[in-house]
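Note sheet for the following structure.
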Amino acid sequence: MTPRMTDEQWEAQNGSLSPDQARARGLCWFCNGNGVLYTAFGGIQRTVPCRECPGDGKAQQ
Ligand SMILES: [Zn+2]
Numbered sequence: 310m311t312p313r314m315t316d317e318q319w320e321a322q323n324g325s326l327s328p329d330q331a332r333a334r335g336l337c338w339f340c341n342g343n344g345v346l347y348t349a350f351g352g353i354q355r356t357v358p359c360r361e362c363p364g365d366g367k368a369q370q
């Protein structure tokens, strides 16, 4: 059985980089290089495609 993550743990996957830190690493500032955003509400945990990059998580020009 897969251990279930709390909503907080799920959203923590977004990473903790600030936009400036992400940019300095060549990562998309919006998704921290994940290509997706992790969102959870009331135990419903979803991933949403990043709207700032094509999903590769790289910094855009
Ligand atoms: Zn992105």
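Adding 309 to a residue's 1-based position in the sequence shown gives its number in the working numbering.
Just so it is clear, CB atoms sit at the ideal spot from N, CA and C, and this is done for glycine as well.
| Check | Outcome |
| --- | --- |
| Measure from the alpha carbon of Q322 to the alpha carbon of each residue in D365, A333, Q354 and G364, then state which is nearest. | Q354 |
| If I measure Cβ to Cβ from N343 and keep anything under 6 Å in the same chain, skipping five residues before and after, which residues do I get? | G366 |
| Report the residue from G352, V345, E361 and Q369 whose alpha carbon sits nearest the alpha carbon of E317. | G352 |
| Looking at F339 and ligand 2, is the gap between the Cβ and the nearest heavy atom below 6 Å? | Of the ligands one can find in the structure shown, namely ligand 1, none is ligand 2. |
| Cβ-heavy atom distance between E320 and ligand 1 below 6 Å? | no |
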